[in-house]
Amino acid sequence: MDNKQPSFNEQEQNPLTSLDQWEDAVLERYPTPESIATSKSVDEYRNYDTPERDTVREFYRLNHTYQTYDFVVEKRNNFLRFDKKEMPVWEAFQFLNQLVDDSDPDTDLDQFQHLLQTSEAIRNDGHPDWMVLTGLMHDMGKVLCLFGEPQWAVVGDTFPVGCPYSDKVVYPEFFRNNPDYQNKAYQEGCGIYQRGCGLRNVHMSWGHDEYVYQMMKDHLPESGLYMLRYHSFYAWHREGAYDYLLDDHDREMLKWVKLFNPYDLYSKNPVPPDWNKLRPYYEDLVAKYLPATLKF
Ligand SMILES: [Fe+2]
Ligand SMILES: [Fe+2]
Numbered sequence: 001m002d003n004k005q006p007s008f009n010e011q012e013q014n015p016l017t018s019l020d021q022w023e024d025a026v027l028e029r030y031p032t033p034e035s036i037a038t039s040k041s042v043d044e045y046r047n048y049d050t051p052e053r054d055t056v057r058e059f060y061r062l063n064h065t066y067q068t069y070d071f072v073v074e075k076r077n078n079f080l081r082f083d084k085k086e087m088p089v090w091e092a093f094q095f096l097n098q099l100v101d102d103s104d105p106d107t108d109l110d111q112f113q114h115l116l117q118t119s120e121a122i123r124n125d126g127h128p129d130w131m132v133l134t135g136l137m138h139d140m141g142k143v144l145c146l147f148g149e150p151q152w153a154v155v156g157d158t159f160p161v162g163c164p165y166s167d168k169v170v171y172p173e174f175f176r177n178n179p180d181y182q183n184k185a186y187q188e189g190c191g192i193y194q195r196g197c198g199l200r201n202v203h204m205s206w207g208h209d210e211y212v213y214q215m216m217k218d219h220l221p222e223s224g225l226y227m228l229r230y231h232s233f234y235a236w237h238r239e240g241a242y243d244y245l246l247d248d249h250d251r252e253m254l255k256w257v258k259l260f261n262p263y264d265l266y267s268k269n270p271v272p273p274d275w276n277k278l279r280p281y282y283e284d285l286v287a288k289y290l291p292a293t294l295k296f
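Following UniProt numbering, the numbering of the sequence shown begins with 1 at its first residue and continues without gaps.
This is the structure we're talking about:
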């Protein structure tokens with residue numbers, strides 16, 4: 001590719017003190033399983049000045065500015081080769097756990113605990129075992145940070161690239177800084193897509209959702225794959241935006257994405273699950289669906 005990506009300093013790579021800061025901000029936007037962001041709640045969300053809020057705002061500024069269509073294509077070409085690393089599943093969780101909150105290593109549960117709390121909440125509600133496994137794996141894509149990727153190319157609400165931006169994406173005003181905003185082919189009509197083409201034909205902003213979906217795509221049922229691939233696409237599953245890109249299959253699958261979201265957002269608990277008790281169940285579950293090693 002001839003147009004070189006800009007390089008980023010430490011502040012621009014990692015505007016958040018931890019990846020959890022993004023998730024905490026999502027939780028503030030969607031405080032209940034039913035909530036959608038009304039204009040009132042969006043205003044409240046923005047107008048409340050705290051250093052934390054400024055950090056999240058800066059994170060979205062970077063995300064919306066630099067996630068261009070070309071950026072996404074370049075990241076896909078690089079990371080979807082899965083030629084970086086190969087690990088047994090349980091080693092991969094340890095690897096993921098190297099992502100720690102530098103500012104405050106004691107207060108937040110590690111990444112594995114979030115995954116386990118999500119999967120346990122799903123299991124306690126009696127859902128099928130593949131959905132429990134989906135919960136366990138859903139944030140494995142955050143290992144991208146450990147490959148030196150900027151936080152805004154790993155987490156953050158995802159959105160389609162190559163078509164007009166929706167104002168249902170949080171902080172839509174920052175899209176004006178994105179070079180794609182000036183590209184008529186992207187910003188008129190359906191952009192580069194056909195109406196009703198189906199989300200599978202749409203490139204989403206790059207991050208942990210698409211990466212883990214591609215990693216798991218031969219191992220989980222379609223409904224689980226939708227949960228992985230679109231769990232951060234809040235503008236779709238919470239706000240109903242981008243209807244013109246959907247096909248009937250997406251509309252059918254939306255219920256699974258919606259079913260999953262509360263387990264991700266509302267299962268956080270300061271008490272870590274008792275891993276020693278849970279271990280035999282999860283070892284069997286992983287062995288049932290996943291290969292011995294995962295490629296990254
Ligand atoms: Fe996630
Ligand atoms: Fe999560």
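Idealized CB from N, CA, C, for every residue including glycine. In this text the structure is predicted, and so the values were computed from the model without any measurement.
Query                                                                                                                          : Result
Neighbourhood of aspartate 110 by C-beta distance below 6 Å, restricted to the same chain and skipping five residues each side : Asn97
Three or more C-beta pairs below 8 Å linking the region 247 to 267 and the region 52 to 63                                     : no
Separation of valine 89 from lysine 75, as counted between CA atoms                                                            : 23 Å
Any non-hydrogen atom of ligand 2 within 6 Å of aspartate 20 CB                                                                : no
Whole-angstrom C-beta distance between alanine 235 and phenylalanine 159, which should lie under 8 Å                           : 6 Å
CA-to-CA distance, methionine 137 to leucine 228, given in whole angstroms                                                     : 8 Å
Asparagine 178 vs threonine 65 beta-carbon contact at 7 Å                                                                      : yes
Per-residue burial, glutamate 10 [other beta carbons within 10 Å of its own, 16 or more giving buried]                         : exposed
Residues that threonine 65 bridges to, as DSSP identifies them                                                                 : According to DSSP, threonine 65 bridges with nothing at all.
Identity of the residues DSSP links to lysine 217 by a beta bridge                                                             : According to DSSP, which records beta bridges pairwise, lysine 217 is partnered with nothing at all.
Aspartate 180 Cβ short of 6 Å to ligand 2 heavy atom set                                                                       : no
Contact under 7 Å by Cβ, lysine 142 with histidine 208                                                                         : yes
Residues proximal to ligand 2 by C-beta, any heavy atom closer than 5 Å                                                        : Asp139 and Asp264
N-terminal and C-terminal residue of the alpha helix (DSSP H) that lysine 295 is part of                                       : It is not in any alpha helix (DSSP H) - lysine 295 instead sits in the beta strand (DSSP E) that spans 293 to 295.
Anticipated Cβ contact below 8 Å, asparagine 269 with glutamine 117, distance rounded                                          : 6 Å
Where the beta strand (DSSP E) containing glutamate 86 begins and where it ends                                                : 86 to 88
Residue environment, threonine 134, which counts as buried when at least 16 other CB atoms sit within 10 Å                     : buried
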